[in-house]
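Okay, so here's the structure we're looking at.
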Amino acid sequence: MSQQGKVTKEEALEYHIGGKIGINVKTVCNTARDLSMAYSPGVAHPCLEIQKDNELAYTYTNKANLVAVMTNSTAILGLGDLGPVAGKPVMEGKSVLFKKFAGIDSFDIEIDCYDIDQFVEICRATAPTFGGINLEDIKAPQCFDIEQKLQALVDIPVMHDDQHGTAMITSAGLINALEIGNKKIEDLKIVISGAGAAGIACGKMYKLLGAQHIVMIDTKGVIHSGRTDLNKYKAEFAIETSDRTLEDAMRGADMFLGLSAPGVVSQEMVKSMNPYPIIFALANPTPEILPEEVFAVRDDVMMGTGRSDYPNQVNNVLGFPFIFRGALDVRATKVTEGMKMAAAIALAKLAKEEVPAYVKAAYGGEELSFGKGYIIPKPFDRRAFVWVSCAVAEAAVKDGVARVKDFDAKAYRAKLQAIIDAEVK
């Protein structure tokens, strides 16, 4: 095995041989009687009960714990449009994370379709099978239309994780960074480099938190009110400003969010930011600027990347498994802004808790406590399973999108806590 954290091509290919997911049978099927229960004639009884009340599918089938991971592979990682088949390893990987972190079963479904309405119709037609749909690796701006149109047609939660996962995790970090830096979000100048799915979703969530001054930058420069080449999603962030380049925007900035390209931020740009700046440089595997480059020129920065070998990793696995766990467990019909915000706030609060020994051990015994180097919980902190799932479930009930009407928040938290207690003994 190679050095920890370093993965060779050969190791990766060997790891994926045969695929990463399969199907386990949850019930007994060892005798002729079992067979008659699992299939004909016994299976007719739940079919007829579900026909009378479709909600019983959550009782008599796996719908209550099954998510579809659906894509047309138009934006696979940072590799672009690889075609539906080549995207399958990523979607299988997403299924692994659903199961590993939240106990959720999922099917990866790669769809050979590039027409928005046709893609939506295919997803809609499969919706009776699932308790939720996770859209994945679909390029902007079509991903926005697909999510909105599909959610309007189905009565199960739909979420494009590339948008909202990053928004939730960085919002959690932002909430804590504001506290440490003694700043108010309405006073911040926030620079977002990258106007794709994640960048726009992050900008929208920061606005919900109270941000009033966001400078967004795409491949052509600052998105300002004088531009005539903007789609409706980018146009929402067009502002009156004299800033035209990233260098312009970084002067006097309080926060930088990078969802763009390696090395686009210089040390001079970092020096031009306001005191106690927040930098989330999330281009992967090489960020817009490396932490060591940042800390070589100033020491008051709160910084995160998308990498596990630096502090404050922004990893969507802190979000999507638990968004769907909470949503499934109250049989939610959609994912609301309130549910996403509840997830972000829960993560922010969790980062202030004392870190368990098993989490420190997973990161080489590193000392972890709330502060500039620890404003986001670690991905292997299993408490996120409880904190975020519970927050999401309660928000779904509050927002009126939960089918479960007698939800007991205290009992639900105890149930999830018992699961992780058994894991970490």
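FYI, the numbering for the sequence shown is 88 to 512, going by this note's numbering. Each residue gets a CB set at the ideal place from its N, CA and C atoms; glycine is no exception.
Proximal residues to residue i (C-beta, below 6 Å), its chain only, five neighbours per side dropped
i: M88; result: Bear in mind that the predicted position of M88 carries a pLDDT of just 33, short of 50, making it too unreliable to give a figure here.
i: N263; result: A435, A438, I462
i: A227; result: G283, A284
i: Q90; result: With a pLDDT of 41 at Q90, under the threshold of 50, the modelled position of that residue is not reliable, and the figure given next carries that caveat. Closer than 6 Å at Cβ, skipping near neighbours: no residue.
Beta carbon of residue i nearer than 8 Å to that of residue j
i: V475; j: A430; result: yes
i: F472; j: I507; result: yes
i: K451; j: N399; result: Looking at the sequence provided, one finds Gly at residue 451 rather than Lys. No, Cβ-Cβ distance for G451 and N399 is not below 8 Å.
i: F217; j: K150; result: yes
i: V404; j: P466; result: yes
i: P215; j: A419; result: no
i: L237; j: I220; result: yes
i: N159; j: I198; result: yes
i: T118; j: A125; result: no
i: V156; j: E97; result: no
i: I304; j: Y293; result: no
Close-in-space but distant-in-sequence residues of the same chain around residue i (CB under 7 Å, 5 per side omitted)
i: V511; result: Y445, R469
i: A509; result: none
i: K358; result: V384, R385
i: D232; result: I203
i: G106; result: E179
i: P176; result: H103
Inter-residue CB distance, residue i and residue j (contact presumed, cutoff 8 Å)
i: V352; j: A368; result: 7 Å
i: S280; j: L333; result: 6 Å
i: D248; j: F409; result: Not confirmed; about 12 Å, so no contact.
i: S312; j: E323; result: With 8 Å as the limit, S312 and E323 do not qualify as a contact, their Cβ atoms being about 12 Å apart.
i: S258; j: L296; result: 6 Å
Residue from the options whose Cα sits closest to the Cα of residue i
i: L166; options: L222, Q354, A348, E179; result: A348
i: Y499; options: A478, L135, H103, N152; result: A478
i: L275; options: K187, L261, E441, A288; result: L261
i: D387; options: E97, F407, P364, P372; result: P364
i: Q299; options: E380, T315, M342; result: M342
i: I29; options: H311, A340, V422, M390; result: Residue 29 lies beyond the range of the chain shown here (88 to 512); nothing can be said about it.
i: V183; options: L122, H103, E234; result: H103
i: C134; options: A482, S123, Y147; result: Y147
i: F457; options: A131, P443, E481; result: P443
i: V302; options: A340, A489, E454; result: A340
i: G425; options: E481, V417, L317; result: E481
i: D493; options: D416, E441, M292; result: D416
i: C289; options: K181, Q504, K427, V94; result: K427
i: V491; options: E142, S123, K93; result: E142
i: I110; options: L153, A489, K93; result: L153
i: G350; options: L377, C230, K270, Q138; result: L377
i: E355; options: R338, L346, V172, D121; result: R338
Cβ-based neighbour list, residue i, same chain, cut-off 8 Å, excluding 5 preceding and 5 following
i: R394; result: N371, P372, P374, Q400
i: C200; result: N159, F206, I209
i: N402; result: I256, G393, S395, P466
i: K186; result: I108, D192, S193
i: G129; result: S123
Report the start-end ranges of each alpha helix (DSSP H) in the stretch 234-275 that is 4 residues or longer and not cut off at the edges. 248-268
If we require 3 or more residues per run, which beta strand (DSSP E) segments fall completely within the stretch 305-390? 342-345, 365-368
What ranges does the alpha helix (DSSP H) occupy inside the stretch 394-462, keeping only unbroken runs of at least 4 residues that lie completely in it? 407-416, 424-437, 444-449
Could you name each continuous alpha helix (DSSP H) segment of 4 residues or more that falls completely within the stretch 191-217, going from the start of the chain to the end? 203-213
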